[in-house]
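In the numbering used here, the protein residues as written are 793 to 1109.
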């Protein structure tokens, strides 16, 4: 009886895992949102590659997704831009590898990733694994050092927090995900209209560790080998006007570290935007009017290709 009972338990566990994995890749509202975003980005990438010899690929977390209007830049600035921003919860490595999958020799890549994401532990979070399996783009995972199928199989489960949150939303008749797929636009832009209260982060120092430095150096070398031009662009974040200089000094210190590995586009704002009404639901998420301004200024910076020198960044101390 004992071996039979053990087999039954194993069978139940396997069926439970299969059911939870199927839910994650097919019906999880957050994953469904990103799956729709991926389809739009893929379509736009194919259109740009057919029409232009080279394009500008901008990537990062959700701050990139809501800030760069690729279709608008093509229409108004005649600049072919592909916004490959996704969710910061996928992790820096997945976001980067996803962007490189769509990059061709001669393209320009702008890394517009949130500083805390670069300075965080460079693992592969469950959301990144789930996205890759839901879209069928597991090559992103296979290209990451240290990845293995058995090691990430459990990441396909939705998790207890997600389950209880989903049940609560169902009971309260709330939307299952705070963003709507209809907000996703051609070019990869997430047009975010809602506005909610938020508390901005304090301007605490951000320091790169050896793993971060090695990863940035590897990204630089990959772009060199594949004839891709790359630079870093600091995303805009909200800062109260009274403390703007403190945020700029913090950002300059971070950019000084990044500049040792990647060119940093010269944005005179240093990523600081003090208009509170220009933000939606976090200090990183711009509303459409502010996103239009950010997109236009980024296009100008890409065309000029003027980058901060270490001496210039050091002067902000």
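From the three backbone atoms N, C-alpha and C, an ideal C-beta is built for every residue, glycine too.
query	result
By a C-beta neighbour count over all protein chains shown, 10 Å radius and 16 as the cutoff for buried, is residue 1049 buried or exposed?	buried
Curious, which full-length beta strand (DSSP E) runs of at least 3 residues does the region 1005 to 1076 contain?	1021 to 1024
Would you list the one or two residues that DSSP bridges to residue 902?	850 and 1023
Sorted by chain position, which residues of the same chain lie with C-beta nearer than 7 angstroms to residue 1053's C-beta, five sequence neighbours on each side aside?	1005, 1008, 1009 and 1012
Tell me the rounded alpha-carbon separation between residue 805 and residue 919.	Model confidence at residue 805 stands at a pLDDT of 49, short of 50, so the residue's coordinates are unreliable and nothing is read from them.
Compute the Euclidean distance between the alpha carbons of residue 1037 and residue 874, then round it to the nearest angstrom.	32 angstroms
Does the distance from the C-beta atom of residue 1078 to that of residue 858 stay below 8 angstroms?	yes
Going by other Cβ atoms of all chains shown within 10 Å of its Cβ, with 16 needed for buried, is residue 1002 buried or exposed?	exposed
For residue 1105, I'd like the list of residues in its chain whose CB is within less than 7 angstroms of its CB, leaving aside the five on either flank, ordered along the chain.	1044, 1047, 1048 and 1051
Report the rounded CA-to-CA distance for residue 877 versus residue 931, giving the unit in angstroms.	18 angstroms
Would you identify the three-state DSSP class for residue 805, choosing helix, strand or coil?	Bear in mind that the predicted position of residue 805 carries a pLDDT of just 49, short of 50, making it unreliable; the figure below should be weighed with that in mind. Here residue 805 sits in helix by DSSP.
I'd like the span of the beta strand (DSSP E) that includes residue 874, first residue to last.	873 to 875
Who are the Cβ neighbours of residue 793 in its own chain at under 6 angstroms, not counting the five residues just before and after it?	Confidence at residue 793 is low in this model, with a pLDDT of 48, below 50, so its placement is unreliable and the value that follows should be read with caution. So no residue of the chain qualifies.
For residue 1075 versus residue 1029, is the C-beta spacing smaller than 8 angstroms?	yes
From residue 883 to residue 1018, what distance separates their C-alpha atoms?	23 angstroms
Please list the terminal residues of the continuous alpha helix (DSSP H) segment that includes residue 982.	Counting along the chain, residue 982 falls outside any alpha helix (DSSP H), and DSSP gives it neither H nor E.
If you reduce the DSSP assignment to three classes, tell me which class residue 793 lands in.	Residue placement at residue 793 is flagged as unreliable, the pLDDT there being 48, under the threshold of 50; the coordinate-derived value follows with that caveat. Of the three classes helix, strand and coil, the one that applies to residue 793 here is coil, per DSSP.
If you compare alpha carbons, which of 839, 1042, 861 and 840 is closest to residue 975?	861
Go ahead and pull the three-state DSSP assignment for residue 976.	strand
Name the one or two DSSP bridge partners that residue 1099 has.	1057
With a threshold of 8 angstroms between beta-carbons, can residue 1018 be considered close to chain B, or not?	Absent here is chain B; the protein component of the structure consists of one chain.
How is residue 1078 classed by DSSP in three states: helix, strand or coil?	strand
Ends of the alpha helix (DSSP H) at residue 885?	884 to 893
In three-state DSSP terms, what is residue 944?	helix
I want to check one thing, is the minimum distance from the CB of residue 881 to the heavy atoms of the ligand ADP below 7 angstroms?	What this structure holds is no ligand at all, so the ligand ADP is not there to describe.
How many angstroms separate the CA atom of residue 828 from the CA atom of residue 854?	15 angstroms
Which same chain residues end up closer than 6 angstroms to residue 1020 when comparing Cβ atoms and leaving out the 5 residues on each side of it in sequence?	895, 899 and 901
What is the residue span of the alpha helix (DSSP H) that residue 866 lies within?	862 to 869
Output needed for residue 1058: all residues of its chain with C-beta closer than 7 angstroms, excluding positions within five of it in sequence on either side, in chain order.	1093, 1098, 1099 and 1100
Are the CB atoms of residue 906 and residue 880 within a distance shorter than 8 angstroms?	yes
Please go through the same chain and pick out, in chain order, the residues whose beta-carbon is closer than 8 angstroms to the beta-carbon of residue 989, but skip the five residues on each side of it.	none
Return helix, strand or coil for residue 857, following the three-state DSSP convention.	helix
One question on the structure: do residue 865 and residue 1087 come within less than 8 angstroms of each other, judged by their Cβ atoms?	yes
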